[in-house]
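Enquirer: Quick one: structure below, then a few questions.
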Amino acid sequence: MPSYRLHYFPESGNSYKVGLMLRLCGQPFEPVWTDFGSGVTWTNEWRERVNQMGEIPVLEEDGRKLTQSAPILLRLADRYGRFGGQGDEEKFAILRWLFWDNHKLSGYVATYRYKRAFTPNPEPQELHFLKKRIEDFLSVLERRFEKNDFAVGRSLTIADLSMQSYLSYPKDEHGFDLPADYPATAAWLDRLAKTPDWIAAYDLLPGNRLKNHALAGQSVLQ
Ligand SMILES: N[C@@H](CCC(=O)N[C@@H](CS)C(=O)NCC(=O)O)C(=O)O
29 MPSYRLHYFP
39 ESGNSYKVGL
49 MLRLCGQPFE
59 PVWTDFGSGV
69 TWTNEWRERV
79 NQMGEIPVLE
89 EDGRKLTQSA
99 PILLRLADRY
109 GRFGGQGDEE
119 KFAILRWLFW
129 DNHKLSGYVA
139 TYRYKRAFTP
149 NPEPQELHFL
159 KKRIEDFLSV
169 LERRFEKNDF
179 AVGRSLTIAD
189 LSMQSYLSYP
199 KDEHGFDLPA
209 DYPATAAWLD
219 RLAKTPDWIA
229 AYDLLPGNRL
239 KNHALAGQSV
249 LQ
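For the sequence shown, my numbering assigns the number 29 to the initial residue and increments by one for each residue that follows.
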C-alpha cells in the first residue's frame, strides 16, 4: 500500500477533492497543513522544494510529489478501480467534466469565494464579474442535475467529486443559496453526501483556518 501525504489548507477545495477520494478509496493519508494565508506557496523555497506551480494541493505518494487534482483523481481511480466510470464513453465524459470544472466551475468559485470571504476589502467590480460567470456555470449544472442523478453514468465518479467540492463549503463563504436558487444542484450535493464514508471538508482537513471576513461582516457582500 503506498504511503500518502497531502499538502493542503482547510479552505482548499482542490485539496478536499483529493483527500475525499483517498478516504472513499480506503486510503489513509498524513495531512500536511500548509500556511497558505501567510504566502508560503509564493516563496521560491516552497516552489523549489514542493511544487514549482506554486499550488496546493500536493499529494506525496511514497515521497513522489504529484500535483493538479484532476490527474491525481484519475490516477487514484485507475489504481483503486473506483469512481472512474465504465467504458470509453463514460471515461471521455468524465474528462470533459473534469476539464470544465478546472477551467470554469472550481476555477471561478474558488477565486470568487477567496476574494469574497477571505480577502479584507474585495473589489466590488471583480466580485460582480466572477459572480455573473458562476451563475451561468451553476445554470449548466442545474440543467444537468434536473435530469441526471450524477455527473456521468448512474453512480458517483471523480467528476462529481471534483465539481461538488467548492459548492459544498458553507454558504457564508461562497455566497450562493443553492437550495433556493439551484435546487437540483443542492439535491445532487445531498445525494453525494449520503455516500458511505463521506465527510465534509472541514472535518477531513483540520488545522488553522483563514479569517472569514464575509462572516465578520467586513466584506462588500455581493
Ligand atoms: N488546477 C489546480 C488548481 C490548484 C489551485 O489553484 N490551488 C489553489 C489553492 S486551492 C492555489 O494554490 N492557488 C494559488 C494561486 O492561484 O496562486 C488543481 O486542481 O489542483
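Beta carbons: idealized from backbone N, C-alpha and C, even for Gly.
With 16 other CB atoms within 10 Å as the buried threshold, where does K222 fall?
Expert: exposed
Enquirer: Under DSSP, the alpha helix (DSSP H) around V137 begins and ends at which residues?
Expert: For V137, the enclosing alpha helix (DSSP H) has its first and last residue at 134-146.
Enquirer: Cα-Cα, which of R92, M81, S31, I227 is closest to Q192?
Expert: I227
Enquirer: Cβ of R296 within 8 Å of Cβ of G82?
Expert: The question about residue 296 has no answer here: the residues shown for the chain are numbered 29 through 250.
Enquirer: Closest to A98 by CA distance: which of G115, L123, E118 is it?
Expert: L123
Enquirer: Pair every Cβ in the stretch 191-209 with every Cβ in the stretch 138-157, then say whether three or more of these pairs are closer than 8 Å.
Expert: yes
Enquirer: For E163, which three-state DSSP category applies?
Expert: helix
Enquirer: Could you tell me if the beta carbon of T69 falls within a distance shorter than 7 Å of some heavy atom in ligand 1?
Expert: yes
Enquirer: Mind checking which residues open and close the alpha helix (DSSP H) that includes V46?
Expert: 41-52
Enquirer: Return the CA-CA distance between D106 and A244, expressed in angstroms with no decimal places.
Expert: Taking the straight line joining both Cα atoms gives about 43 Å.
Enquirer: Grab me the residues of S190's own chain with a C-beta within less than 8 Å of its C-beta, minus the 5 sequence neighbours each way, in chain order.
Expert: K45, S97, A98, L101, W125, L126, D129, N130, S134
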